[in-house]
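Notes follow once the structure below has been shown.
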Amino acid sequence: MPFFDVQKRLGLNLDHQMTIQSAEQPHKIPSRCHAFEKEWIECAHGIGATRAEKECKIEFDDFVECLLRQKTMKRLSDIRRQRDKLIKEGKYTPPPHHLGKEDPRP
4 MPFFDVQKRL GLNLDHQMTI QSAEQPHKIP SRCHAFEKEW IECAHGIGAT
54 RAEKECKIEF DDFVECLLRQ KTMKRLSDIR RQRDKLIKEG KYTPPPHHLG
104 KEDPRP
């Protein structure tokens, strides 16, 4: 414990904003991945980086997926590819409102 707590005296909290997600948000609405980041930080807190890599891998992977959405984008790409394949084979016709050919609204 330091003799003089400089952060407290200056009113700074340098440890509070570890990543963008944990920063204070406008209108007090939590960010999209805040819950995943919180789970990861709670798991990794106090056990060290080496142990945290192994023991908190699930939480960290969930957090990274929430940030980058790689699995979601891959799944969306697969769905679009399958839809285009079915359209080409003539087994699926999209509804008119998906093609931009719907009746104009009054």
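Count along the sequence shown starting at 1, add 3, and that's the number in the working numbering. Ideal Cβ placement from N, Cα and C applies to all residues, glycine included.
Close Cβ partners of residue i (< 6 Å) along its chain, the five nearest in sequence each way excluded
i	result
E62	E42, W43, C46
Local conformation of residue i per DSSP, three classes
i	result
S80	helix
D65	helix
T75	helix
Q85	helix
E12	For the record, residue 12 in the displayed sequence is Arg; it is not Glu. Of the three classes helix, strand and coil, the one that applies to R12 here is helix, per DSSP.
T96	coil
P107	coil
R54	helix
Cα-Cα separation, residue i to residue j
i	j	result
H37	S80	26 Å
I82	P99	19 Å
K77	P33	26 Å
I50	R72	28 Å
E105	P97	12 Å
E58	D64	12 Å
A55	H48	8 Å
P107	H30	38 Å
Spatial neighbours of residue i in its chain, beta-carbon cut-off 8 Å, leaving aside the 5 residues before and after
i	result
L89	Y95
D87	none
7 Å CB neighbourhood of residue i in its chain, flanking five on each side removed
i	result
K74	E68
I28	First, the amino acid is wrong: residue 28 is Gln here, not Ile. S34.
Supposed close pair residue i, residue j - CB separation, criterion 8 Å
i	j	result
E40	F66	5 Å
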